[in-house]
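Colleague: First residue of the sequence shown: 1, per this note's numbering; consecutive thereafter. The C-beta atom is built at its ideal place from N, Cα and C for all residues, glycine as well. Every value quoted in this text rests on a predicted model; they were computed, and no experiment measured them. Right, I'll just put the structure down here and ask away after.
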Amino acid sequence: MKKYDLSEKAILVGVNINNRDDFELSMQELFSLAVACNLKVVGRIDQNLRSVQPQYYVGTGKVDEIRLEIECHDADVVIINHEITPSQLRNLERALQIKVLDRTQLILEIFEQRARTREAKLQVEAAQLKYLLPRLIGSYDALGRQSGGVGTYNKGVGEKKLELDRRRVEHKIVELNRELDALSLERQTQRNKRMTSSLPSIALVGYTNAGKSTLLNAMVECYSKNESKKVFEKDMLFATLETSVRQIRLPDRKVFTLSDTVGFVSELPHDLIKAFRATLDEVKEADLLLHVIDYSNPNYKNQMQVTLDTLKEIGAEHVPLLNVYNKTEKTKHVFPEITGESVYISAKNRIGIEELVSCIKARAFKDYVECMMKVPYDEGKFLAYLNENAMILSSTYEEEWALIKLECHKMDFEQFHQYVVES
Ligand SMILES: Nc1nc2c(ncn2[C@@H]2O[C@H](COP(=O)(O)OP(=O)(O)OP(=O)(O)O)[C@@H](O)[C@H]2O)c(=O)[nH]1
Ligand SMILES: [Mg+2]
């Protein structure tokens, strides 16, 4: 697919159906998506309609207006604020004589530009091909159906080529999915390894640009010796595409894993969500989700709903959720504050991190018990296990055994009950 650079000029086109109050915000978001795709936005055309028009998405008169706008700015691409049908795309490209991208394609483009790991690249490619499949026909219009004729053996050149290509694309999708399944299995093995170490796993989820990566970095800065473990954060939609997992060790030696994940956006292409299912398994299998919200965004409520809907779509609606209202310093809300299932913080200014941690502890470590164990020195393996899997609070060494005050998972407590001297 064609790449874009800042020298390419884009015109945004949006239909406001029935005067939606969030129309302006959604056009602003389209602007940010275009910028994230490295395009320079030079113009914008809106139209109020009761429903989108079947032929061109906009009304016929608007098509002329868009054409004028293109000429006026010497634009290279038109971006539509919806997913349009294959025939609307074809009609618009023919009428305007330039490239037309819809919202879905734009998001796919951004993902393609950002994908770094093999898995992310394959996931994006699979989603792109699925998007392409019903749209293949447009590219072969020029070849036409010259031969006309009767029966399938007498198809036009264009049709035959199209069928061949369609089969090739379908085959490629199957191949990609096979490779993705293999990678997903690998990921599952890694996750299983992590899970047997019984550390609680916590995942950051939320709308794109809410501050998930900034919060992960804040936690790493506060609770990890190794600052090189920081991840990429930026004021740009879809800064993060790959899941990163970090170990966080709290001062009381409680340890958990924290994963940063890809952000969500309204109308995130369905195939893209499906393609990213392996990466998002991290979310589905977490013990706790931190729903990071850009509280300073006037559209934050809508964004929260999009996140909840997307979580449902990936099958993660059962995982306990803590609302983390971020960027609170930009609002009038007094913070840091904890209320019920919500905590108000500023990840960038590292304010409210301790409050957040206390909320995490109350939820992720509720199955932990404090006890005293007496472990003979010849049980070296068990001591090593405790070091790895329990929070050692203090230890005293006597002649034949160590007396260890610790906090461990309820399951470990029951399994190793013979060592417990006090609880
Ligand atoms: N004012 C303010 N800005 C913040 C805060 N937290 C994060 N940001 C900014 O918000 C922007 C996005 O932050 P990221 O951490 O990259 O957001 P993200 O949720 O990881 O975004 P994606 O990876 O794109 O989904 C950056 O410019 C951050 O500096 C905050 O508490 N206050
Ligand atoms: Mg991020």
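What residues in its chain sit with their C-beta under 6 Å from that of residue 124, if we drop five residues either side in the sequence?
Modeller: Indexing the sequence shown from 1 puts residue 124 at position 124. Once the five neighbours on either side are set aside, the close Cβ partners of residue 124 are 111, 112, 115.
Colleague: Under 7 Å from any heavy atom of ligand 1, does the C-beta of residue 38 make it?
Modeller: As a working note, residue 38 is residue 38 in the sequence shown. For ligand 1, not one heavy atom lies less than 7 Å from the Cβ of residue 38.
Colleague: Let's test the definition: count the other Cβ atoms within 10 Å of the Cβ of residue 72 and tell me whether it reaches 16, buried, or not, exposed.
Modeller: Taking the sequence shown and counting its residues from 1, one reaches residue 72 at position 72. Result: exposed.
Colleague: How about residue 295 and residue 331: do their beta carbons lie closer than 8 Å?
Modeller: Residue mapping note: residue 295 aligns to position 295 of the sequence shown, counting from 1. Residue mapping note: residue 331 aligns to position 331 of the sequence shown, counting from 1. Contact: yes.
Colleague: Report yes if the C-beta distance between residue 183 and residue 278 is below 8 Å; otherwise report no.
Modeller: Locating residue 183 in the sequence shown gives position 183, where the first residue counts as 1. Locating residue 278 in the sequence shown gives position 278, where the first residue counts as 1. The answer is yes: Cβ separation under 8 Å.
Colleague: If we require 3 or more residues per run, which beta strand (DSSP E) segments fall completely within the region 186-235?
Modeller: Taking only runs of at least 3 residues, the beta strand (DSSP E) segments lying wholly in the region 186-235 are 201-206.
Colleague: Can you list, in chain order, the stretches of the beta strand (DSSP E) that have 3 or more residues and sit fully within the region 386-420?
Modeller: As far as the region 386-420 is concerned, its whole beta strand (DSSP E) runs of at least 3 residues are 391-397, 401-409.
Colleague: Would you report the Cα separation of residue 15 and residue 57, rounded to the nearest angstrom?
Modeller: Working through the sequence shown from its first residue, we reach residue 15 at position 15. Working through the sequence shown from its first residue, we reach residue 57 at position 57. Whole-angstrom Cα-Cα distance: 8 Å.
Colleague: Report yes or no: do three or more beta-carbon pairs, one from the region 250-259 and one from the region 198-206, lie closer than 8 Å?
Modeller: The region 250-259 vs the region 198-206: in contact.
Colleague: Give the DSSP bridge partners of residue 371, in chain order.
Modeller: Start at 1 with the first residue of the sequence shown, and residue 371 comes out as number 371. For residue 371, which the question treats as bridged, DSSP gives the partners 406.
Colleague: Roughly how many whole angstroms lie between the Cα atoms of residue 246 and residue 218?
Modeller: In the sequence shown, residue 246 corresponds to position 246, counting from 1. In the sequence shown, residue 218 corresponds to position 218, counting from 1. Using only the alpha carbons, I get a separation of about 12 Å.
Colleague: With a threshold of 7 Å, establish whether the CB of residue 402 neighbours any heavy atom of ligand 2.
Modeller: Working through the sequence shown from its first residue, we reach residue 402 at position 402. No, since every heavy atom of ligand 2 falls outside the 7 Å radius drawn around the Cβ of residue 402.
Colleague: Using three-state DSSP, classify residue 148 as helix, strand or coil.
Modeller: Here residue 148 refers to the residue found at position 148 of the sequence shown. Note on residue 148: pLDDT 39, under 50, position unreliable in the model; no value is reported.
Colleague: Can the beta-carbon of residue 213 be found closer than 8 Å to that of residue 249?
Modeller: Translated into positions along the sequence shown, residue 213 becomes position 213. Translated into positions along the sequence shown, residue 249 becomes position 249. No. Outside cutoff.
Colleague: When DSSP labels each residue in this structure, what does residue 305 get in the three-state scheme?
Modeller: In the sequence shown, counting from the first residue as 1, residue 305 sits at position 305. In this structure, residue 305 counts as helix in the three-state DSSP scheme.
Colleague: Report all residues from its chain with a CB closer than 6 Å to the CB of residue 44; omit the five preceding and five following residues, and keep chain order.
Modeller: One-based indexing of the sequence shown puts residue 44 at position 44. Excluding sequence neighbours, residue 44 sits near 12.
Colleague: Relative to the alpha-carbon of residue 132, which residue among 119, 117, 167 has its alpha-carbon at the smallest distance?
Modeller: Against the sequence shown, residue 132 aligns to sequence position 132. That would be 167, whose Cα lies nearest to the Cα of residue 132.
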